[in-house]
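J.:
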Amino acid sequence: MFFYVYVIESIYQNYRYIGFTQNLQQRLKEHNQGKNFSTKAYKPYRLIYYEACLYENDALRRERYLKTSQGSRLLTQRLKEFYFARKSTSR
């Protein structure tokens, strides 16, 4: 069984959310159904990044790190190709 650290992005608004879960598909469905208070206003979402961890404490540590300014920079660097591809297809 894995624990997932994930990043979702609002399809229509400039909003990104970082979280962790054991069931990635179910969690994304919950976000899109508005069951999470902090993401409810920005739905619908798409999954843009995730990492799998064997241990829950590793996933929690990684989630906390990605929410820091240094972690955010790392994440932006990793997602650079995703954002570039999205920008070039929207022209």
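With this note's numbering applied, the sequence shown closes on residue 1104, and no number is skipped along the way.
In this text, a Cβ means the ideal position worked out from N, Cα and C, and glycines have one as well.
Predicted model, so just to flag it, every value in this text is computed and none were measured.
(1) How is G1084 classed by DSSP in three states: helix, strand or coil?
(2) Please state the DSSP three-state secondary structure of L1067.
(3) Is it buried or exposed, I1021, if we count other Cβ atoms within 10 angstroms and call 16 or more buried?
(4) Near Y1055, what residues of its chain come up, given a Cβ to Cβ distance below 7 Å and the 5 sequence neighbours on each side ignored?
(5) Start and end of the alpha helix (DSSP H) containing N1045?
(6) Between the Cα of R1059 and those of K1080, S1082, Q1039, spot the shortest distance and give me the residue it belongs to.
T.: The structure says:
(1) Reduced to three states, the DSSP call for G1084 is helix.
(2) Secondary structure of L1067 (DSSP, three-state): coil.
(3) Of the other Cβ atoms in all chains shown, 16 or more fall within 10 Å of the Cβ of I1021; this residue is therefore buried.
(4) Excluding sequence neighbours, Y1055 sits near S1023, Q1026, Y1028.
(5) In the DSSP assignment, N1045 falls within the alpha helix (DSSP H) that extends over 1037–1045.
(6) Checked all of K1080, S1082, Q1039; the closest Cα to R1059 is Q1039.
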